[in-house]
Amino acid sequence: MADKELRIQRLITKNITEIIQFDLKDPHLGFVTIQEVKVSKDISYAKVYVSFILEKDEEEGMKVLEKSKGFIRSELAKRMDTRRVPELIFILDEGYKKEERITELLKNN
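Here you go:
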């Protein structure tokens, strides 16, 4: 992976975390964590993998993130020193569910 992509991924992760924590004022969001950000080679898209502490917050939280995508991107543009800000694609990261299932299976054997 190119250094530029990695640097932009880290910058996007840091800034989106701050935007969600301090600027997004939606009580339906719940506690969300940015797990990972992957940008496309031309930096036109960024896949933002998110997870929620409570499983019941996932559906509503994803709706809030989709609805707030434009606001988050505009705030991101203000904070980044890049010519182009990628289009954001929020994806629910369910890796922890697989991890919990594997752990449970190992305990039972």
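Just remember that this note's numbering sits 1 ahead of the position in the sequence shown, which is counted from 1.
By construction, the Cβ of each residue, glycine as well, lies at the ideal position given by its N, Cα and C atoms.
N- and C-terminal bounds of the alpha helix (DSSP H) containing residue i
i      : result
Ser75  : 70 to 80
Thr113 : The chain is shown only over 2 to 110; residue 113 falls outside these bounds and no answer can be derived.
Status (buried if at least 16 other CB within 10 Å, exposed otherwise) for residue i
i      : result
Glu76  : buried
Phe32  : exposed
Phe23  : exposed
Ala47  : buried
Ile103 : exposed
Ser45  : exposed
Ile54  : exposed
Ser41  : exposed
Pro28  : exposed
N-terminal and C-terminal residue of the beta strand (DSSP E) that residue i is part of
i     : result
Leu89 : 88 to 93
Ile35 : 33 to 40
Lys48 : 46 to 53
Residue i - DSSP class collapsed to helix/strand/coil
i     : result
Phe23 : helix
Asp4  : helix
Thr83 : coil
Leu30 : coil
Alpha-carbon to alpha-carbon, residue j and residue i
i     : j    : result
Asp82 : Glu6 : 14 Å
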